[in-house]
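Colleague: Chains as they are written, first to last, in the numbering used here: chain H, 1 to 315; chain U, 1001 to 1354. The beta-carbon is built from N, C-alpha and C at its ideal position, and this holds for glycine as well. Values in this document were obtained by computation on a predicted structure and should not be read as measured data. There's a structure below that I have some questions on.
Printed below as a string of structure tokens:
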């Protein structure tokens, strides 16, 4: 187990290194940098000014050198300065994390809360009208883009009925904030919950055919116990994998949803930063997302050991 | 088939006074309603089981033995299956008339079951201890602590070494034989009246088979459990059972005490099963002249959804004549306590009508 953890940790470092190269190169392949954009929009045309600004930001140096500078300063905890606000990147990013983290956690929580039990019900009631209904709902969940769903929700509940207040910067207390975030979280989490439901269903159907389920019935276990204690504990394993993968996908969904619902989070900020070619911000944020994804998947692998006694990570 | 059997007088099943019988099954019919038609997996089976007795149900795969066993616990998957008629009386109470919750209290408590496949019959993500303790918690009202203590005790009873250690282990950490012992521990934990053992040794290593069988017999004597032993292995039957039922295509074809059956098998199917047991003296004989080859029953059990009009065994029977192909033979007493369904058993095997 110890050896596995170390190997796994080294692999994580390698993944993050690859990520850093990829994002660095990709950002610089995209035509135009902050200087071009500033000059275009402000109508400055003096080439000397432009050159001086590029020198100031270090954009005139070879790409390899720029990369090394970035990595080494990041190692020292210096994430650079935003080109736009000229504030330290961390000062810009950190205050925006909590709202996005809450939104993501809430969305994931919703998707598991609805996805798993509905998947079980759908499997246990296979081929009943309830099963068909749930399958149609989940299929639409997979097919609807979350921003479109978000827009529909905004139209229905905010504009027409006014049941749900639009997100304001200053939520009044914990419950109010939860209420404000729950709708966008549901919009983002719907897709994940649909996927989790379908996977839980098919996994449950597979498990319910197993011999040990017949044994459990022959032992006189209650229906609840057969379905949840015996079957679900076995069926949940592939679902856990998907939850890990969905956690990463969720961030993609958040980018649009934060924009649609006007939530001042990290994901919307990332889009802004890309628009301005604000390299330090984009690079830091993408690295942050990469770290979160890698850590979540590591946790998923560790969860297997707890959930399935047959899995042991030995060298 | 139903029309032909209706023409012949309905056989009277062997009846013993009700009080004597622990389990009494009458005219059990379990059908499966599939797209291919109605599969009559169990078609009018009756038998009785006395306390402490071992009854063997013998037949090839697909002859309805396992469905009979599952029907006793009402574990037939519904749909497509359904027990369409009959009664299953345990101590005089008809199990088919009970509600699902009452039936649940009987499963694992009054009637428990061991399955064929020990490798897959235990839940892979639960410890052995928890799986034994579960039945005790369900039926005996024990506290968790008592149940786990009893689980260790049960593992000791089924002769699993280091029970204190094993109780914390998972099925994959145990060998096939050990898992079947654990299954027996689960089945006997609540001291059931009836133990149904569905091919308990088939999936095991030959060297382990005898051990497991001896364990079942020993515990049966010790705990006074009645056993319904389902098997295709007549060797197993000879060692363990007092009475034997031979099933073919969902029906009983022969029934007798074990000594009587082996001495005077009346049905060609039973004879075929016996002839197909490998015997050491025959194998030695192969070196001599006029070798006796190991017999087999030609063909396979017919599809239960498309049975021939006459005797179901007729297409595979070396003695079948026109009547066998046309009409289903009556199930009748050929000798005292020896029943069979065969038109030609008297002339072929010298049965004396009692």
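Residue 215 of chain H CB to nearest chain U CB: under 8 Å?
Modeller: Numbered from 1 along the first chain, position 215 holds the residue referred to as residue 215 of chain H. Yes, contact with chain U.
Colleague: Assuming residue 188 of chain H and residue 253 of chain H make a contact with CB atoms under 8 Å, what is their CB distance in whole Å?
Modeller: Within the first chain, the letter at position 188 stands for residue 188 of chain H. Within the first chain, the letter at position 253 stands for residue 253 of chain H. Right, the Cβ-Cβ distance comes to about 4 Å (below 8 Å), so this counts as a contact.
Colleague: Can you list, in chain order, the residues of its chain with a C-beta nearer than 8 Å to that of residue 1191 of chain U? Leave out the 5 residues immediately preceding and following it.
Modeller: In the second chain, counting from the first residue as 1, residue 1191 of chain U sits at position 191. 1223, 1225, listed in sequence order.
Colleague: Within 8 Å, do at least three Cβ pairs link the stretch 1126 to 1134 of chain U to the stretch 1163 to 1171 of chain U?
Modeller: yes
Colleague: Can you tell me whether DSSP reads residue 12 of chain H as helix, strand or coil?
Modeller: Taking the first residue of the first chain as position 1, residue 12 of chain H is located at position 12. Residue state, collapsed to three classes: helix.
Colleague: Could you give the distance in angstroms between the alpha-carbon of residue 1152 of chain U and the alpha-carbon of residue 1342 of chain U?
Modeller: Here residue 1152 of chain U refers to the residue found at position 152 when the second chain is read from its first residue. Here residue 1342 of chain U refers to the residue found at position 342 when the second chain is read from its first residue. Just so you know, the alpha carbons of residue 1152 of chain U and residue 1342 of chain U end up roughly 50 Å apart.
Colleague: Chain U partners of residue 234 of chain H, CB-CB under 9 Å?
Modeller: Here residue 234 of chain H is taken as the residue at index 234 of the first chain, counted from 1. Under the 9 Å cutoff, chain U gives 1123, 1124, 1125.
Colleague: In the stretch 1064 to 1077 of chain U, which residues sit with their C-beta less than 7 Å from some C-beta in chain H, listed in chain order?
Modeller: 1073, 1075
Colleague: Secondary structure at residue 1094 of chain U, three-state DSSP: helix, strand or coil?
Modeller: As a position in the second chain, residue 1094 of chain U is number 94, starting the count at 1. Strand.
Colleague: Comparing C-alpha positions only, which one of U:1201, U:1119, U:1135 sits nearest to residue 1170 of chain U?
Modeller: Taking the first residue of the second chain as 1, we reach residue 1170 of chain U at position 170. The option with the nearest alpha carbon to residue 1170 of chain U is U:1119.
Colleague: Between residue 1120 of chain U and chain H, is the shortest Cβ-Cβ distance under 8 Å, so that the two count as touching?
Modeller: Counting from 1 along the second chain, the entry for residue 1120 of chain U is found at position 120. For residue 1120 of chain U, the nearest CB of chain H lies under 8 Å from its own CB, placing it at the interface with that chain.
Colleague: Classify residue 75 of chain H: buried if its beta carbon has 16 or more other beta carbons within 10 angstroms, exposed otherwise.
Modeller: On the first chain, position 75 is the one that residue 75 of chain H refers to. Looking at its Cβ environment, which holds fewer than 16 other Cβ atoms inside 10 Å, residue 75 of chain H is exposed.
Colleague: Looking at chain H, which residues of the stretch 1098 to 1122 of chain U have a Cβ within less than 8 Å of any of its Cβ atoms?
Modeller: Those residues of the stretch 1098 to 1122 of chain U that come within reach of chain H (Cβ to Cβ, closer than 8 Å) are 1104, 1105, 1106, 1107, 1108, 1109, 1112, 1113, 1115, 1117, 1120, 1121, 1122.
Colleague: With a cut-off of 8 Å, does the C-beta of residue 132 of chain H fall near any C-beta of chain U?
Modeller: Translated into positions along the first chain, residue 132 of chain H becomes position 132. Answer no: the Cβ-Cβ gap between residue 132 of chain H and chain U never drops below 8 Å.
Colleague: Check residue 1134 of chain U in the structure and name its three-state DSSP category.
Modeller: By 1-based counting over the second chain, the position of residue 1134 of chain U is 134. Helix.
Colleague: Quick one: which unbroken alpha helix (DSSP H) runs of 4-plus residues sit fully inside the stretch 1184 to 1225 of chain U? Chain order, please.
Modeller: The stretch 1184 to 1225 of chain U contains these whole alpha helix (DSSP H) runs: 1206 to 1223.
Colleague: Can you tell me which of the three DSSP states residue 1260 of chain U falls into?
Modeller: Stepping through the second chain from its first residue, residue 1260 of chain U is reached at position 260. Helix.
Colleague: Using a Cβ-Cβ cut-off of less than 9 Å, give me the residues of the stretch 1223 to 1236 of chain U that come near chain H, in sequence order.
Modeller: Answer set for the stretch 1223 to 1236 of chain U: empty.
Colleague: Mind checking if residue 123 of chain H is an interface residue toward chain U, Cβ cutoff 8 Å exclusive?
Modeller: Looking up residue 123 of chain H in the first chain gives position 123. No, because no Cβ of chain U sits closer than 8 Å to the Cβ of residue 123 of chain H.
Colleague: To which residues of the same chain is residue 1262 of chain U closer than 7 Å at the C-beta, ignoring the five residues directly before and after it?
Modeller: Here residue 1262 of chain U is taken as the residue at index 262 of the second chain, counted from 1. Only 1238 meet the Cβ criterion.
Colleague: Who are the near neighbours of residue 183 of chain H in its chain, counting only those whose CB is closer than 8 Å to its CB and skipping five residues on each side?
Modeller: The residue given as residue 183 of chain H occupies position 183 in the first chain. Taken in chain order, the residues that qualify are 153, 157, 164, 261.
Colleague: Are the Cβ atoms of residue 1028 of chain U and residue 1066 of chain U separated by less than 8 Å?
Modeller: The sequence position of residue 1028 of chain U within the second chain is 28, counting from 1. The sequence position of residue 1066 of chain U within the second chain is 66, counting from 1. No, they are not a contact pair.
Colleague: Any contact between the stretch 1128 to 1147 of chain U and the stretch 1103 to 1114 of chain U? By contact I mean 3 or more CB pairs, one from each, below 8 Å.
Modeller: yes
Colleague: Quick check on residue 1347 of chain U: buried or exposed, where buried means 16 or more other Cβ atoms within 10 Å of its Cβ?
Modeller: Taking the first residue of the second chain as position 1, residue 1347 of chain U is located at position 347. Under a 10 Å Cβ-count criterion, residue 1347 of chain U is classified as exposed, with fewer than 16 other Cβ atoms of the shown protein chains found around its own Cβ.
Colleague: At a Cβ threshold of 8 Å, is residue 1053 of chain U touching chain H?
Modeller: Residue 1053 of chain U sits at position 53 when you count from the first residue of the second chain. So, not an interface residue.
Colleague: Any Cβ of chain H within less than 8 Å of the Cβ of residue 1195 of chain U?
Modeller: Locating residue 1195 of chain U in the second chain gives position 195, counting from the first residue. Interface criterion not met: the Cβ of residue 1195 of chain U is under 8 Å from no Cβ in chain H.
Colleague: Please check the pair residue 1246 of chain U and residue 1231 of chain U, which I expect to be a contact at CB under 8 Å, by giving their CB distance rounded to whole angstroms.
Modeller: Numbered from its first residue, the second chain carries residue 1246 of chain U at position 246. Numbered from its first residue, the second chain carries residue 1231 of chain U at position 231. So it is not a contact: roughly 11 Å between Cβ atoms.
Colleague: Using three-state DSSP, classify residue 200 of chain H as helix, strand or coil.
Modeller: Locating residue 200 of chain H in the first chain gives position 200, counting from the first residue. Correct three-state label for residue 200 of chain H: helix.
Colleague: Count the CB pairs spanning the stretch 130 to 142 of chain H and the stretch 289 to 300 of chain H that are closer than 8 Å, and state whether there are at least three.
Modeller: Segments in contact, no.
Colleague: Can you give the Cα-Cα distance for residue 247 of chain H and residue 239 of chain H, rounded to whole angstroms?
Modeller: Here residue 247 of chain H is taken as the residue at index 247 of the first chain, counted from 1. Here residue 239 of chain H is taken as the residue at index 239 of the first chain, counted from 1. Taking the straight line from one Cα to the other gives about 12 Å.
Colleague: Any chance you could list the alpha helix (DSSP H) runs of at least 4 consecutive residues sitting entirely within the stretch 1006 to 1086 of chain U, in chain order?
Modeller: 1065 to 1072
Colleague: So, using beta-carbon positions, are residue 97 of chain H and residue 266 of chain H closer together than 8 Å?
Modeller: In the first chain, counting from the first residue as 1, residue 97 of chain H sits at position 97. In the first chain, counting from the first residue as 1, residue 266 of chain H sits at position 266. Yes, the pair counts as a contact, with Cβ atoms nearer than the cut-off.
Colleague: Does the beta-carbon distance from residue 148 of chain H to residue 283 of chain H come in below 8 Å?
Modeller: Mapped onto the first chain, residue 148 of chain H falls at position 148. Mapped onto the first chain, residue 283 of chain H falls at position 283. No, the pair does not count as a contact, with Cβ atoms beyond the cut-off.
Colleague: Is residue 1254 of chain U helix, strand or coil by DSSP?
Modeller: Within the second chain, the letter at position 254 stands for residue 1254 of chain U. Strand at residue 1254 of chain U.
Colleague: Work out the CA separation of residue 38 of chain H and residue 51 of chain H for me, nearest whole Å.
Modeller: In the first chain, residue 51 of chain H corresponds to position 51, counting from 1. In the first chain, residue 38 of chain H corresponds to position 38, counting from 1. Taking the straight line from one Cα to the other gives about 13 Å.
Colleague: Would you verify that the beta carbon of residue 61 of chain H is, or is not, closer than 8 Å to some beta carbon of chain U?
Modeller: In the first chain, the residue the question calls residue 61 of chain H occupies position 61. No, no contact with chain U.
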